[in-house]
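Remarks on the structure that follows.
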Ligand code: HEC
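What follows is the structure, given as structure tokens:
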């Protein structure tokens, strides 16, 4: 094979590949747009087909409990409200030393006697 030294040939190659590259990038963009519209249409169709049903009171209650659990974990309520001696979660008694003195976390269990069980909503 002859060594290719002709600069016209290289410039032709460069032009060829850069055109090809641009074409493939364009094809990629077009397919991304198509996929986007396709999935949007799919979502719209799915939204149309799902029947709307009111949750039962039990389901609502369970959802609320799950939401509360999520929030209690996310806000790390147990960090302060866990009893440091018994390790009982939410039983309180954790001492926070402040310039105003020691503030103890309270018992926030559903216990009517020791916790917040008799609190109203
Ligand atoms: C940084 C520590 C800390 C964290 C975290 C914390 N608490 Fe407290 N909480 C306290 C302290 C201390 C008290 C008591 C304040 C007082 O005596 O005035 C208290 C009091 C309470 C009370 C009042 C109880 C009563 O007897 O009236 C409730 C309810 C409560 N916390 C709920 C929560 C919940 C729910 C979370 C999480 C979302 C949470 N706490 C996170 C420290 C904390």
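In my numbering, the protein residues as written are 1 to 121.
For each residue, glycine too, the CB sits at the ideal point set by N, CA and C.
- Of the heavy atoms belonging to ligand 1, none sits nearer than 8 angstroms to the Cβ of residue 64.
- Three or more Cβ pairs drawn from the region 78-85 and the region 97-113 lie within less than 8 angstroms of each other, which places the two stretches in contact.
- Taking 8 angstroms as the cut-off, the C-beta of residue 70 does not count as close to any heavy atom of ligand 1.
- The alpha-carbon separation between residue 49 and residue 64 amounts to approximately 27 angstroms.
- Between ligand 1 and the CB of residue 76, the shortest heavy atom gap is smaller than 8 angstroms.
- In its chain, beyond the 5 residues on either side, no residue has a beta carbon closer than 6 angstroms to the beta carbon of residue 73.
- In the three-state reduction of the DSSP assignment, residue 119 falls in the coil class.
- Each residue's CA atom was taken as its position, placing residue 116 and residue 29 some 58 angstroms apart.
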